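Enquirer:
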Amino acid sequence: MEEPTMEKRHSTKESAKFQIADELGGIELLDAQYETQNFSRHSHEGYTVGVIERGAQCFFRTGSNHVAPQNSIILVNADEVHTGHSAVEGGWAYKAMYPLPEQFKSIAQALGTNRYGAPYFPEAVVYDPELANQFRLVFETLEKSNNRLLRETLVYASLVKLMSRHGKTPPKPTETSKTQQQLIRVKAFLDDFPQADVSLTELANLAEISPFHLVRAFQKQFGFPPHAYQIQARLRYAKTLLKAGHSISDTAQECGFHDQSHLHRHFKKAMGITPRQYMNS
Numbered sequence: 005m006e007e008p009t010m011e012k013r014h015s016t017k018e019s020a021k022f023q024i025a026d027e028l029g030g031i032e033l034l035d036a037q038y039e040t041q042n043f044s045r046h047s048h049e050g051y052t053v054g055v056i057e058r059g060a061q062c063f064f065r066t067g068s069n070h071v072a073p074q075n076s077i078i079l080v081n082a083d084e085v086h087t088g089h090s091a092v093e094g095g096w097a098y099k100a101m102y103p104l105p106e107q108f109k110s111i112a113q114a115l116g117t118n119r120y121g122a123p124y125f126p127e128a129v130v131y132d133p134e135l136a137n138q139f140r141l142v143f144e145t146l147e148k149s150n151n152r153l154l155r156e157t158l159v160y161a162s163l164v165k166l167m168s169r170h171g172k173t174p175p176k177p178t179e180t181s182k183t184q185q186q187l188i189r190v191k192a193f194l195d196d197f198p199q200a201d202v203s204l205t206e207l208a209n210l211a212e213i214s215p216f217h218l219v220r221a222f223q224k225q226f227g228f229p230p231h232a233y234q235i236q237a238r239l240r241y242a243k244t245l246l247k248a249g250h251s252i253s254d255t256a257q258e259c260g261f262h263d264q265s266h267l268h269r270h271f272k273k274a275m276g277i278t279p280r281q282y283m284n285s
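Going by my numbering, the sequence shown opens with residue 5, and the numbers climb by one from there.
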């Protein structure tokens, strides 16, 4: 079997094309090539399913660093903290989709396997040439074809195969401790009021623990300290507003960013595209 390779190429101009396909109620897609892009610690509401087309990517997921070489598939679970940067000289190119847990659940339900809901992908990088080529066909079809039946069939088939080959039963949730309940309370506040100018002391009072304990426990539980999680919540809110047609400047102000450039910087580091690219998709 052909093994994945890590090629060194000459510098390539960075580019990123973002779109939202209509299938399954809307799936975000990204076709990008990067050299200097360094994704900050971030998470997505959806899963990340990406195929490395050139070069190699290094990224953090589930407590350790991973390298995804050419022809491999990247898998990141929904809401899982991860990063991303080039692993080789000359950068990397990849195509990715970001299906939501609800979309996987609907597929599992249709298959009669909805007992455990959305899948969990334990492996950050998998080498499955057949599936990688199938996803390449999906990406190409979603970009070039308007045949709804073909598009929906290919998306459905590829995600079914991904679940059956590499998906596992999600870890069973353990009983929630008092501290976890306190942390969930803080997380819920940041999710519901991302624009709020709230202090660490106020969040600690909400959780009924000390500020120092809150920072350490929150990061251990959710992968971010509270201030970094607030940025993630603001970015999710910004995506909602931009998708609804709000201007970038109004979105920045409404989400609690200092200004438009502040939103632009965080959006690009987490999403790999600018707010305007997202708005125009």
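Positions of the beta carbon are idealized from the N, C-alpha and C atoms, including for glycine. Only a predicted model underlies this, so the values are computations on that prediction, with no experimental measurement involved.
Do you know whose CA, among 227, 204 and 57, lies nearest residue 96's CA?
Expert: 57
Enquirer: Which one or two residues does DSSP pair with residue 172 in a beta bridge?
Expert: 124
Enquirer: Which of the three DSSP states, helix, strand or coil, is assigned to residue 74?
Expert: strand
Enquirer: Would you mind stating whether residue 264 and residue 253 have Cβ atoms separated by less than 8 angstroms?
Expert: yes
Enquirer: With a threshold of 16 other CB atoms inside 10 Å of the CB of residue 133, please say whether the residue is buried or exposed.
Expert: Residue 133 should be labelled exposed.
Enquirer: Thinking residue 45 and residue 85 are a contact (beta carbons under 8 angstroms), I'd like their distance in whole angstroms, please.
Expert: A Cβ-Cβ separation of about 6 angstroms places residue 45 in contact with residue 85 under the 8 angstroms criterion.
Enquirer: Where are the beta strand (DSSP E) runs, 3 residues long or more, that stay fully inside the segment 31-95, in chain order?
Expert: 31-38, 43-46, 52-65, 68-73, 77-80 and 86-90
Enquirer: Just tell me which of 159, 75 and 113 has its CA closest to the CA of residue 137.
Expert: Measuring from the Cα of residue 137, the nearest candidate turns out to be 75.
Enquirer: Could you give the DSSP three-state label for residue 265: helix, strand or coil?
Expert: helix
Enquirer: Leaving out five residues before and five after residue 30 in sequence, what residues of the same chain have Cβ atoms less than 8 angstroms from its Cβ?
Expert: 24
Enquirer: Can you list, in chain order, the residues of its chain whose CB lies under 6 angstroms from that of residue 20, leaving out five sequence neighbours each side?
Expert: 36, 276 and 277
Enquirer: Given residue 32, which residues of its chain have a CB within under 6 angstroms of its CB, disregarding the five upstream and five downstream residues?
Expert: Excluding positions up to five away in sequence, the list reads 24 and 102.
Enquirer: Under 8 angstroms between the Cβ atoms of residue 194 and residue 225?
Expert: no
Enquirer: Are the Cβ atoms of residue 111 and residue 160 separated by less than 8 angstroms?
Expert: yes
Enquirer: Which complete alpha helix (DSSP H) runs does the segment 178-225 hold, if anything under 4 residues is left out?
Expert: 182-196 and 204-211
Enquirer: Between the segment 194-214 and the segment 235-251, can you find at least three pairs of beta-carbon atoms closer than 8 angstroms?
Expert: With a cut-off of 8 angstroms, the segment 194-214 and the segment 235-251 count as touching, because enough Cβ pairs lie within range.
Enquirer: Please report the residue range of the alpha helix (DSSP H) in which residue 109 lies.
Expert: From DSSP, the alpha helix (DSSP H) with residue 109 extends over 105-115.
Enquirer: How big is the Cα-Cα spacing for residue 82 and residue 53?
Expert: Here the alpha carbons of residue 53 and residue 82 stand approximately 10 angstroms from one another.
Enquirer: Quick check: what's the CA-CA separation for residue 284 versus residue 162?
Expert: 27 angstroms
Enquirer: When DSSP builds the beta bridges, which residues end up paired with residue 97?
Expert: DSSP output for residue 97 lists 37 and 58 as bridge partner(s).
Enquirer: State the beta-bridge partners of residue 23 as determined by DSSP.
Expert: 33
Enquirer: Please state the DSSP three-state secondary structure of residue 102.
Expert: In this structure, residue 102 counts as strand in the three-state DSSP scheme.
Enquirer: If you draw a straight line from the C-alpha of residue 222 to the C-alpha of residue 229, how long is it?
Expert: Cα to Cα, residue 222 sits roughly 6 angstroms from residue 229.
Enquirer: When the Cα of residue 38 is compared with those of 190, 273, 185 and 280, which residue comes out closest?
Expert: Across the set 190, 273, 185 and 280, the C-alpha of 273 shows the shortest separation from the C-alpha of residue 38.
Enquirer: Measure the alpha-carbon distance for residue 143 versus residue 157 and round it to whole angstroms.
Expert: 13 angstroms
Enquirer: What are the start and end residues of the alpha helix (DSSP H) that includes residue 134?
Expert: It spans 133-148 - the alpha helix (DSSP H) in which residue 134 sits, taken as one unbroken run.
Enquirer: Grouping DSSP H, G and I as helix and E and B as strand, with all else coil, what is residue 275?
Expert: helix
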